[in-house]
Amino acid sequence: MAEREREAATTTRADGRADEAIARDAELLSAQLSQMRERLFPPSAKKALRPFTSGEAAKLIGVSDGYLRQLSISGEGPQPDTGAGGRRSYTLETINALRRHLAAQHDKASPKARQYLKWREPGEHLQVIAVTNFKGGSGKTTTSAHLAQYLALEGYRTLAIDLDPQASFSALLGYQPELDLEGNDTLYGAIRYDELRRPLREILRPTYFDGLTLVPGNLELQEFEHTTPRQLAERGARDDLPFFARIGAVIEEVEADFDVVVIDCPPQLGFLTLGALCAATSVVVTVHPQMLDVASMSQFLFMTADLLAVVREAGGALGFDFLRYLVTRYEPHDGPQAQIAGFLRAQFGERVLTNAMLKSTAISDAGLTKQTLYEVGRENFTRGTYDRAMESLTAVNGEIEALIRASWGRGR
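Going left to right, the sequence shown walks through residues 1 to 412 as my numbering numbers them.
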């Protein structure tokens, strides 16, 4: 095996066709990923969300299991699927239909109606959350995916935007970029500078989570980093909308259809990230509690501040409802990590989220099949491991949800 690897490396160097060798590897890997998806999600080779038990559905809706059972017995409202022994199961579509049904029984502006249907009201602005850091491995995409899915499970109309050319966010939400997307199918198609620009509504993709819509990503997003300098050099001769305002402008096109937007930013401080920060109403910065990561975050913050100051002087509107640092992949029994987490809290106070995203084999194992913890059942893991991970995820995302509600002037 070692001999074959040496021969392959020597051949690549000798013929000067490293690009072709890399392209072959890319095609091979893509084909294998496609086969894996077909094995994991037959017959359509698309992801599907598992049904929820009556207890899980009741908790999501905010009623007792007994009340949900009574609705089913009386035939009131959308009905669950019934299996062997009369066991009821609910799809997320059914859960959301029940939310609308129960909310309709109360005055639209009443606290009870809002408890069931959490959509934002007139006067409550669209919440756009940019999840960012330019240090790889900080848990940015995992955080974005779990946050977007959590908000959809809680009943918010959620838009997920993948701004990372590597498109891991899209993969977690059911799309394999090189197979499922053609040209102009990412946000780049809506913010490009030429006549091929498309309305964002044409780019939106449904997901297997009812209430969660995706703007997928792939390598063409990188084109924005290449075309923007040319546009700046031409002083916007063909388009008056500056680069930093383009993402916010296209999000406004679909604003009425959503309550929250979650943007997974690329791990670099380029034009896409700056555009996302200018479009954002709030920011979550993920940080792994290791000294090198904290040092990297320091440089990221310096660079971000300098670049945003330039954008503000150029007329960009900057102001966040909240800016929070999220400690990710946290191991509470690791002494150095605990020290660094404490250091961050001492420096930034309440700007560090109270809850941390724990490092968990349950999250890692779910990721092996391109799933999140919200998609897999408790029975697939050691219960203690699953429960600790789920408790951590729900605490983090619940804290962010509370900040969203506070930005709308609502209580928890």
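Glycine included, every Cβ here is placed at the ideal spot set by N, Cα and C.
Remember, predicted model here, so these are calculated numbers, not experimental data.
Here the alpha carbons of SER282 and GLY137 stand approximately 22 Å from one another.
According to the DSSP assignment, LEU368 belongs to no beta strand (DSSP E), since it is labelled neither H nor E.
Measuring C-alpha to C-alpha distances from GLY174 to each of LEU373, LEU49 and ASP164 identifies LEU49 as the nearest.
Remark: C-beta atoms of GLY211 and ARG246 do not approach each other more closely than 7 Å. Taken through DSSP and simplified to helix, strand or coil, SER64 comes out as coil. Per DSSP, ALA233 is not a residue of any beta strand (DSSP E); the alpha helix (DSSP H) it occupies stretches across 222–233. From the listed residues ILE263, LYS140, PHE209 and LEU323, the smallest Cα separation to GLY349 is found for LEU323.
According to the DSSP assignment, TYR150 belongs to the alpha helix (DSSP H) that extends over 140–153. Of all alpha-carbon atoms in GLU182, ASP162 and GLN337, the one lying nearest the alpha-carbon of VAL261 is that of ASP162.
The distance from the Cβ of MET357 to that of THR394 is about 11 Å, inconsistent with a contact at the 8 Å cut-off. Using a 10 angstroms sphere on the CB of GLN299, the tally of other CB atoms stays under 16, which defines it as exposed. Using a 10 angstroms sphere on the CB of SER144, the tally of other CB atoms reaches 16 or more, which defines it as buried. In the displayed model, TYR175 falls within coil according to three-state DSSP, outside both helix and strand.
Where TYR188 is concerned, the enclosing alpha helix (DSSP H) starts and stops at 188–191.
Each of GLU178, VAL254, GLU76 and PHE52 was checked against the Cα of ASN218, and the nearest Cα belongs to GLU178. Annotated three-state conformation of THR132 is strand, per DSSP. Per the C-alpha coordinates, the member of LEU232, TYR325 and ASP387 positioned closest to VAL131 is TYR325.
Our two residues, ARG197 and ALA113, have alpha carbons roughly 40 Å apart in a direct line. A contact between stretches requires three or more CB pairs, one per stretch, nearer than 8 Å, and the segment 72–79 meets this requirement with the segment 98–107. Membership of THR273 in the alpha helix (DSSP H) is indicated by the continuous run 271–279. Cβ neighbours of ASP321 within its own chain (closer than 6 Å, five residues either side excluded): THR281, SER282 and SER407.
In this structure the segment 251–260 lies against the segment 121–131, because at least three pairs of beta carbons, one per stretch, are closer than 8 Å. A distance below 7 Å separates the beta carbons of GLN149 and PHE209. In the structure shown, GLN268 falls within a coil segment according to DSSP collapsed to helix, strand and coil.
In terms of CA proximity to HIS226, TYR193 leads the group ALA276, TYR193, THR207 and TYR386. Under the three-state reduction of DSSP output, ILE404 falls in the helix class. Sequence-distant partners of GLY409 (beyond 5 residues in either direction) whose C-beta falls short of 8 Å from its own C-beta, in its chain, are GLU124. A distance below 7 Å separates the beta carbons of PRO51 and THR91.
When the alpha-carbon of ARG405 is set against those of THR53, GLN105, LEU151 and ILE61, the nearest one is in LEU151. With respect to the 7 Å criterion, ALA233 and ILE251 are not classified as neighbours on the basis of their beta carbons. Put simply, the backbone Cα of LYS108 is about 48 Å away from that of GLN339. By the Cβ-count criterion, HIS146 is buried, with 16 or more other Cβ atoms from all chains shown falling within 10 Å of its own Cβ.
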